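Under the working numbering, the first residue of the sequence shown carries the number 1, and numbering increases by one thereafter. Okay, so here's the structure we're looking at.
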Amino acid sequence: MHRYFFSLRIAGLVILAAIAVASIDLWLNEFAVVHDPEGKVARVLVEHGDGRPRAMREFAAGYWAGRPRRDGAIRIVCKSGVEASGGYVTPGLRTTYTVRPDDCGGVAARAS
């Protein structure tokens with residue numbers, strides 16, 4: 001019984017250390033988040049100007065996140081095929097953008 005208690009203790013310490021390292025990494029390097037409250041977004045990309053956009057990951061329903069490697073622009077691709085701009089991202093700065101209702105089919109959006 002004592003052997004199992006020791007293993008659980010080590011596992012707990014490893015989990016706490018991983019959470020601490022991840023938190024420090026996010027605090028130092030920051031990230032970009034796009035919130036889609038109405039569920040209209042198919043995917044979100046970060047364009048760095050080199051012709052190869054990098055996809056942001058959907059980490060929860062309606063939330064897309066990524067860490068830009070260099071300055072770039074957020075491109076939102078809606079399920080309807082309409083594309084919209086989500087602003088600019090810079091490494092080391094936290095950027096958040098909430099998708100507006102007119103982004104996916106309103107006047108401000110542009111067709112692809």
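We put the beta carbon where it would ideally sit given N, CA and C, even for glycine. Because the structure is a prediction, the values reported are computed rather than measured.
- Apart from the 5 residues on each side of it in sequence, Pro53 sits with its Cβ closer than 7 Å to the Cβ of Leu45, Val46, Glu47 and Arg75 in its chain, given in chain order.
- The Cβ atoms of Val77 and Ala32 lie no closer than 8 Å to each other.
- In the DSSP secondary-structure assignment, Leu28 is not bridged to any residue.
- Residue ranges of uninterrupted beta strand (DSSP E) with 3 or more members, entirely inside the segment 28-79 and ordered along the chain, are 32-35, 41-47, 57-60, 63-66 and 72-78.
- In the DSSP assignment, Val89 falls within the unbroken beta strand (DSSP E) covering Val82 to Val89.
- Nearest to Lys79 by alpha-carbon distance, out of Gly49, Ala20, Gly105 and Gly12, is Gly105.
- With a cutoff of 8 Å on beta-carbon distance, Gly39 and Gly62 are scored as near each other.
- Around the beta carbon of Trp64, a 10 Å sphere encloses 16 or more other beta carbons of the protein chains shown; the residue is thus reported as buried.
- Put simply, the backbone Cα of Glu83 is about 25 Å away from that of Glu30.
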